[in-house]
Amino acid sequence: MTDILHKLQSAIESQSAEKALLQEALLEIRELREQRDALEEILIVLARTKLPWDDEEDPAETLPHFKERYLNAMHEASRLLGLDVRSTITRTEPKT
1 MTDILHKLQS AIESQSAEKA LLQEALLEIR ELREQRDALE EILIVLARTK LPWDDEEDPA
61 ETLPHFKERY LNAMHEASRL LGLDVRSTIT RTEPKT
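Set out below in structure tokens:
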């Protein structure tokens, strides 16, 4: 998104916003909104998924269902964030 921001800023400063640039910006905004909505859905699923432990912290019978939902949500989030195609050029892991 940084590239499109620089292009838009330059167009504003030079007062030369071209139709192609505006279409590119609109496309990127639409894609980012779709990604935001998809990630929000994943967070809702995770927030509404009850932890599969009872009061004594023993695994409940819902553990397999929880595990499946959690793994599916994390896989989809990784895909949306582009972590499944990570390269040393475009992505780095956070330092811990």
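Residue numbers for the sequence shown follow full-length UniProt numbering, so the first one is 1 and each next one is one higher. Even for Gly, the Cβ is constructed at its ideal location relative to N, Cα and C.
Where do the N-terminal and C-terminal ends of the alpha helix (DSSP H) with residue i fall, by residue?
{"i": "Lys67", "result": "Leu63 to Leu81"}
{"i": "Leu22", "result": "Lys19 to Arg48"}
Please report the straight-line C-alpha distance between residue i and residue j, rounded to a whole angstrom.
{"i": "Glu76", "j": "Ile42", "result": "8 Å"}
{"i": "Arg36", "j": "Ser14", "result": "31 Å"}
{"i": "residue 99", "j": "Arg79", "result": "Here the chain comprises residues numbered 1 to 96, so residue 99 is not present and cannot be evaluated."}
{"i": "Arg69", "j": "Glu34", "result": "21 Å"}
{"i": "Ala17", "j": "Ala11", "result": "5 Å"}
{"i": "Leu51", "j": "Phe66", "result": "7 Å"}
{"i": "Leu22", "j": "Pro64", "result": "48 Å"}
{"i": "Leu5", "j": "Lys19", "result": "15 Å"}
{"i": "Gly82", "j": "Leu32", "result": "13 Å"}
{"i": "Asp55", "j": "Val45", "result": "22 Å"}
{"i": "Ala25", "j": "Ala47", "result": "32 Å"}
Give the single residue among the options whose Cα lies nearest to the Cα of residue i.
{"i": "Leu39", "options": "Ser10, Leu5 and Asn72", "result": "Asn72"}
{"i": "Ile29", "options": "Ser16, Leu8, Glu18 and Ile12", "result": "Leu8"}
{"i": "Thr49", "options": "Thr62, Leu27, Leu26 and Asp84", "result": "Thr62"}
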